[in-house]
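Residue numbers (the numbering used here): 32 to 587.
Beta carbons are placed, not taken as given, at the ideal position from N, Cα and C, and that holds for glycine.
Since we're looking at a predicted model, the values are computed, not measured.
In what follows, a single structure is set out as structure tokens and then discussed.
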């Protein structure tokens, strides 16, 4: 009983202990097993007076005297977080950075504050321990997401990383990347109301796609009682959704868990809608949305001259990415998905051949190609991702490299057989490579969304285990290291799966809808990664030298 009380008493402040002792007379419970003595009481008035003396010395620039005054305070009250943090500030002025780190560490253990984290970060920067500095700056932003000094220090770490040129260590590069993403995401998600007359319903399994005009469109999805195939466009100036006028007599059935991808000549404004769970059953056909005006589209049913056996089975939950080929046309690469026979590991290419100017516009044609393991040109079966649905696939298109596709996660044959593996497909060599990842590896998940920014992959939400997730993860593809993106808890994304998102021209991830097993969400949110986008290219190109490379020069 006494041990339990002793543990509880040890968690109280000195003032609370004195109040309790005077009221109860149980001072013996504070006796230590080894010292067998009552802990000395703290004279708070004397501590405050001495601290004020230290503050006065600090303002006068008398740093050694300030340290002496704060030290006397700490002798009287060993765990006084304010005095420890103030002494650290004086040590910073004296350039005693190791001592500043020690005092801030004690202050944070006693009572975490933004000042202690900021001061320790400043000391770490001076000591060129940039990774620890970024960790502390991220913690400081938890207190004040808009703190200008904290943001400035993060920017300084990024600038130091990008300005070092070849004289760089892997540690500094990593710190610069973390600083850039912490800076970008420090204000978290900005929620917005879904409005319109009529506006989109609460849906999941829909697609968002970005038009060649930069505008955001929504197509299809499953609402509470029905599936919809309406097309909406977002007016970003006021957040209002409008219905898009659609012409044509070959309108596809309503559907969800389909794909919508740009196809054909770049800038043509043609989009391919394929697969999904249809209200009329399985649909193996390809449907095209072609522009009829700056605001409107028409549905076309393209022709195919291929044998029916060469046309792939209908599927849902697949992933599709548009890739510009040598002729300038965009082909759609499709991987995986769930068919009547279960999940698939097929990698397909869909190409669109527009009609000649003199022919009927409805005479457009499509062709399918399947890439098989044998196409890699090796004698033995090469590495190949397992069959799945609910995964993500994005395009990597660095200037000096051939286009690559990056696949993450998904479901296996069973819905609870989730994955968190990462595969990269070389479009030219037709070869898959499995990344061996480290860091903050996300839990296995499916029906998340993902976007590439330079040589970095951002993953949002998804179904994990028995629940949905609202976290954001970033993968540094060059080093195969995962980072969990920290956002303020009061600006986190509502956990969800089966949502859709786009990466806008302004450098923002825009998420709409999705939901849980309890139903769909009618909610939109935006995460601003514009700062990271401006730095991603230079951070990707920074060479990674050995750890013994010179790191001369200070940040500030």
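| query | Are the segment 276-284 and the segment 316-330 in contact at 8 Å, needing three or more beta carbon pairs? | reply | At 8 Å Cβ cutoff, the stretches touch.
| said: Quick check on the DSSP output: the alpha helix (DSSP H) that includes residue 239 runs from which residue to which? | reply: Careful: residue 239 lies outside any alpha helix (DSSP H), inside the beta strand (DSSP E) at 238-241.
| Are the Cβ atoms of residue 148 and residue 170 separated by less than 7 Å? | Yes, Cβ-Cβ distance for residue 148 and residue 170 is below 7 Å.
| field | Start and end residues, alpha helix (DSSP H) containing residue 297 | value | Note, residue 297: premise wrong, no alpha helix (DSSP H); not H, not E.
| request: Can you give me the Cβ contacts of residue 471 inside the same chain, cut-off strictly under 6 Å, excluding the 5 residues immediately before and after it? | output: Cβ within range, chain order: 513, 514 and 515.
| request: Output the boundary residues of the beta strand (DSSP E) element that contains residue 442. | output: Start and end: 435-442.
| Can you tell which of 463, 440 and 461 has its C-alpha closest to the C-alpha of residue 491? | Nearest neighbour of residue 491 by Cα position, chosen from 463, 440 and 461, turns out to be 440.
| field | residue 141 versus residue 182: straight-line alpha-carbon distance, rounded | value | Roughly 25 Å separates the two Cα atoms.
| request: Give the single residue among 306, 473 and 203 whose Cα lies nearest to the Cα of residue 571. | output: When the alpha-carbon of residue 571 is set against those of 306, 473 and 203, the nearest one is in 203.
| said: With a threshold of 8 Å, are at least 3 pairs of Cβ atoms found where one atom belongs to the segment 238-248 and the other to the segment 219-230? | reply: The way I'd put it, the segment 238-248 doesn't touch the segment 219-230; fewer than three beta-carbon pairs between them come closer than 8 Å.
| query | Quick one: is residue 72 buried, meaning 16 or more other Cβ sit within 10 Å of its Cβ, or exposed? | reply | Burial call: exposed.
| Where residue 539 falls: helix, strand or coil (DSSP) | Assigned with DSSP and collapsed to three states, residue 539 falls in strand.
| Once you ignore the five residues that flank residue 569 on each side, which residues in its own chain have a CB closer than 8 Å to its CB? | Cβ within range, chain order: 193.
| task | Check each candidate in 211, 301, 242 and 229 and name the one with the smallest Cα separation from residue 565. | result | By alpha-carbon distance to residue 565, the top candidate from 211, 301, 242 and 229 is 211.
| field | Proximal residues to residue 107 (C-beta, below 8 Å), its chain only, five neighbours per side dropped | value | The residues are 73, 74, 77, 78 and 81.
| message | So, under 8 Å CB-CB, residue 553 and residue 154 are touching, yes? Tell me the CB distance rounded to an integer number of Å. | response | Between residue 154 and residue 553 the Cβ distance is about 47 Å, and since that is not below 8 Å, they are no contact.
| task | Write down every uninterrupted run of the alpha helix (DSSP H) in the segment 84-125 whose length is 4 residues or greater and which is fully enclosed by it, in chain order. | result | If only complete runs of 4 or more residues are kept, the segment 84-125 shows the alpha helix (DSSP H) at 94-107 and 112-124, in order along the chain.
| request: For the alpha helix (DSSP H) containing residue 191, list its first residue and its last residue. | output: Secondary structure note for residue 191: its alpha helix (DSSP H) is the uninterrupted segment 179-194.
| Rounded separation between residue 436 and residue 493 - CA only | Answer to the nearest angstrom: the Cα atoms are 20 Å apart.
| field | C-alpha distance - residue 434 paired with residue 484, whole-angstrom precision | value | Each residue's CA atom was taken as its position, placing residue 434 and residue 484 some 14 Å apart.
| query | Closest by CA to residue 314, which one among 340, 284, 300 and 374? | reply | It is 284.
| said: Using only CA atoms, which one of 378, 451, 309 and 347 lies nearest to residue 372? | reply: Ranked by Cα distance from residue 372, the options 378, 451, 309 and 347 are led by 347.
| Option nearest residue 452 by Cα separation, candidates 444, 466, 287 and 160 | Nearest in C-alpha terms to residue 452, of all of 444, 466, 287 and 160, is 466.
| field | Cβ distance (whole Å) where residue 362 is taken to contact residue 356 below 8 Å | value | Cβ-Cβ separation between residue 362 and residue 356: approximately 5 Å, consistent with a contact (criterion under 8 Å).
| message | Suppose you measure from the CA of residue 105 to the CA of residue 161; what does that come to, to the nearest Å? | response | Roughly 29 Å separates the two Cα atoms.
| query | Is the beta carbon of residue 542 sitting closer than 7 Å to the one on residue 241? | reply | Their beta carbons are not under 7 Å apart, which means residue 542 does not touch residue 241 by this criterion.
| request: Decide if residue 496 is buried, meaning its Cβ has at least 16 other Cβ atoms within 10 Å, or exposed. | output: Flag for residue 496 reads exposed.
| field | Residue from 300, 504 and 449 whose Cα sits closest to the Cα of residue 322 | value | That would be 300, whose Cα lies nearest to the Cα of residue 322.
| request: State the DSSP-derived secondary structure class of residue 61, mapped to helix, strand or coil. | output: Low confidence applies here, because residue 61 scores a pLDDT of 47, under 50, leaving its location unreliable; read the following figure in that light. Residue state, collapsed to three classes: helix.
| said: Here's the rule I'm using: 16 or more other beta-carbon atoms within 10 Å means buried, otherwise exposed. How should residue 459 be labelled? | reply: It counts as exposed.
| task | Work out the CA separation of residue 383 and residue 337 for me, nearest whole Å. | result | Put simply, the backbone Cα of residue 337 is about 13 Å away from that of residue 383.
| According to DSSP, is residue 274 helix, strand or coil? | Correct three-state label for residue 274: strand.
| said: I need the DSSP call for residue 79, collapsed to helix, strand or coil. | reply: Correct three-state label for residue 79: helix.
| query | Taking just the CA atoms, how far does residue 101 sit from residue 133? | reply | Taking the straight line joining both Cα atoms gives about 14 Å.
| request: Spatial neighbours of residue 454 within its chain, please: CB distance less than 6 Å, with the 5 preceding and 5 following residues excluded, ordered by chain position. | output: For residue 454, where only same-chain residues beyond five positions count, the Cβ hits under 6 Å are 416, 438, 463 and 465.
| request: Check each candidate in 114, 480, 235 and 268 and name the one with the smallest Cα separation from residue 501. | output: Nearest to residue 501 by alpha-carbon distance, out of 114, 480, 235 and 268, is 480.
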